[in-house]
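Sequential numbering from 1 applies to the sequence shown in the UniProt record's numbering.
Beta carbons: idealized from backbone N, C-alpha and C, even for Gly.
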Amino acid sequence: MTGSPIEYIIQERSLKPVFNYLLRFRKLSKFLDLSLVTIKEYVRELEKDGFIENLRDQISQYPDVSTGSMMSPLRGPLLYIIMRMIKPQIIVETGVASGASSAFLLKALEKNNLGHLHSIDIPAIPGNDTIVRLPPDKKPGWLVPDDLRNRWTYHEGKSSIILKPLLVDLKQVDVFIHDSEHTYENMKFEYEIAWPFIKPGGILASDDIKWNAAFSELISEKRPSKILDLYSFGILKK
């Protein structure tokens with residue numbers, strides 16, 4: 001895969017991320033009961049139409065801005081592949097930042113010709129956030145291409161206020177993704193609120209699952225049918 005757009009996005013060009021990338025695709029293959037051949041076809045979709053190159057070009061204009069871990073071959077393409085496979089109707093994610101994960105999710109929905117993404121986040125406060133930084137005058141989700149926004153609803157505010165009413169209104173979701181504040185209290189709150197609304201066979205995914213015990217406690221309490229542990233990123237099938 002040397003020279004592919006997905007590898008370019010690693011930036012440091014180390015072989016280790018590439019090996020991790022391939023290992024995680026093998027794990028994903030088992031989790032989804034999906035052949036590696038099909039996974040590679042989905043990867044080629046991302047490489048063909050300039051989607052990743054466009055994101056990379058946008059990011060390169062703001063070298064001091066953090067886009068989060070989704071802009072790597074270890075996260076964004078994994079989400080894309082999962083959404084292409086399960087073809088969800090409703091996705092809810094907490095944490096948007098620059099919108100890298102949102103862009104990958106929406107690209108999959110476009111290819112599926114099905115589904116809608118609801119994203120919850122609050123704008124980063126200048127000088128008060130050393131991890132998520134937005135370019136000047138940019139709003140959360142600025143990376144999401146205009147032609148993908150018709151399947152996207154952005155909800156501005158804290159998940160502690162917005163998440164439950166949104167889920168009640170939606171009644172059921174296919175996928176819930178946590179990538180907002182990674183405190184034990186917030187992660188546990190979001191997991192416990194979201195889990196009952198995830199349909200049988202649906203997916204809960206979370207970043208930074210090793211930061212505290214919230215994710216492991218969720219597994220013990222809810223006993224998901226399948227577990228995919230990708231080091232700091234976890235995926236559960238209900």
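For Gly201, the first and last residue of its enclosing beta strand (DSSP E): Residue 201 sits at position 201 when you count from the first residue of the sequence shown. Per DSSP, the continuous beta strand (DSSP E) segment holding Gly201 begins and ends at 198 to 207.
Do Phe104 and Gly76 have their beta-carbon atoms positioned less than 8 Å apart in this structure? Sequence index remark: in the sequence shown, residue 76 carries index 76 (1-based). Sequence index remark: in the sequence shown, residue 104 carries index 104 (1-based). Result yes, Cβ atoms of Gly76 and Phe104 sit closer than 8 Å.
Which term fits Leu36, buried or exposed, when burial requires 16 or more other beta carbons within 10 angstroms of its beta carbon? Translated into the one-based positions of the sequence shown, residue 36 becomes position 36. It is exposed - the Cβ of Leu36 has fewer than 16 other Cβ atoms within 10 Å.
How about Leu236 and Leu204: do their beta carbons lie closer than 8 Å? By one-based count along the sequence shown, residue 236 stands at place 236. By one-based count along the sequence shown, residue 204 stands at place 204. Going by C-beta atoms, Leu236 is nearer than 8 Å to Leu204.
With distances taken Cα to Cα, identify the nearest neighbour of residue 253 among Pro224, Met187, Ile59, Asp229. Nothing in the structure corresponds to residue 253, since the chain is present only between 1 and 238.
Identify the continuous beta strand (DSSP E) that holds Glu156 and give its terminal residues. One-based indexing of the sequence shown puts residue 156 at position 156. Start and end: 152 to 156.
How is the beta strand (DSSP E) around Val173 delimited, first residue to last? The residue labelled residue 173 in the question sits at position 173 within the sequence shown. Start and end: 173 to 178.
Residue burial classification, Thr183 (beta-carbon count within 10 angstroms, cutoff 16): Position 183 of the sequence shown, counting from 1, holds the residue named residue 183. Exposed is the call here.
Please name the residue or residues paired with Leu228 in a DSSP beta bridge. Here residue 228 corresponds to residue number 228 of the sequence shown, with the count starting at 1. Note: Leu228 sits in a beta bridge opposite Ile235.
Where Val168 falls: helix, strand or coil (DSSP): Position 168 of the sequence shown, counting from 1, holds the residue named residue 168. Correct three-state label for Val168: helix.
For the beta strand (DSSP E) containing Leu78, name the first residue and the last one. Position 78 of the sequence shown, counted from the first residue, corresponds to residue 78. Premise fails: Leu78 lies in the alpha helix (DSSP H), 76 to 86, not in any beta strand (DSSP E).
Close beta carbons around Ser232, own chain, < 7 Å, minus the five adjacent residues each side: Here residue 232 is taken as the residue at index 232 of the sequence shown, counted from 1. The residues are Asp207, Asp208, Ile209, Lys210.
Beta-carbon gap between Lys226 and Pro200 smaller than 8 Å: Walking along the sequence shown from the start, residue 226 turns up at place 226. Walking along the sequence shown from the start, residue 200 turns up at place 200. Not closer than 8 Å, so no.
Considering Leu46, what are the terminal residues of the alpha helix (DSSP H) in which it resides? Residue numbering aside, residue 46 sits at position 46 when the sequence shown is read from its first letter. Run containing Leu46: 36 to 48, per the alpha helix (DSSP H) assignment.
Is the number of C-beta pairs between the stretch 188 to 199 and the stretch 159 to 179 that are closer than 8 Å three or more? yes
Classify Leu32 as helix, strand or coil using the three-state DSSP reduction. The residue given as residue 32 occupies position 32 in the sequence shown. It is helical.
Under 8 Å between C-beta atoms of Gly115 and Ile81: Mapped onto the sequence shown, residue 115 falls at position 115. Mapped onto the sequence shown, residue 81 falls at position 81. No, they are not a contact pair.
Using only alpha-carbon positions, find the residue among Ile52, Glu93, Arg84 that is nearest to Thr38. Numbered from its first residue, the sequence shown carries residue 38 at position 38. If we check each option's Cα against that of Thr38, Arg84 comes out closest.
Mind pulling the alpha helix (DSSP H) runs of 4 or more residues that sit fully within the stretch 96 to 125? 100 to 112
Contact set for Asn54: own chain, Cβ-Cβ below 8 Å, skip 5 residues either direction: Here residue 54 refers to the residue found at position 54 of the sequence shown. The beta carbon of Asn54 is closer than 8 Å to those of Pro145 in its chain, skipping five residues each way along the sequence.
Neighbourhood of Leu106 by C-beta distance below 7 Å, restricted to the same chain and skipping five residues each side: Translated into positions along the sequence shown, residue 106 becomes position 106. Hits under 7 Å: Leu117, Val144, Leu148, Arg151, Trp152.
Could you check the C-alpha separation between Asn112 and Lys87 for me, to the nearest Å? Stepping through the sequence shown from its first residue, residue 112 is reached at position 112. Stepping through the sequence shown from its first residue, residue 87 is reached at position 87. Cα-Cα distance, rounded: 6 Å.
Measuring straight from C-alpha to C-alpha, what distance separates Lys40 and Arg26? Taking the first residue of the sequence shown as 1, we reach residue 40 at position 40. Taking the first residue of the sequence shown as 1, we reach residue 26 at position 26. Approximately 11 Å, taken between the alpha carbons.
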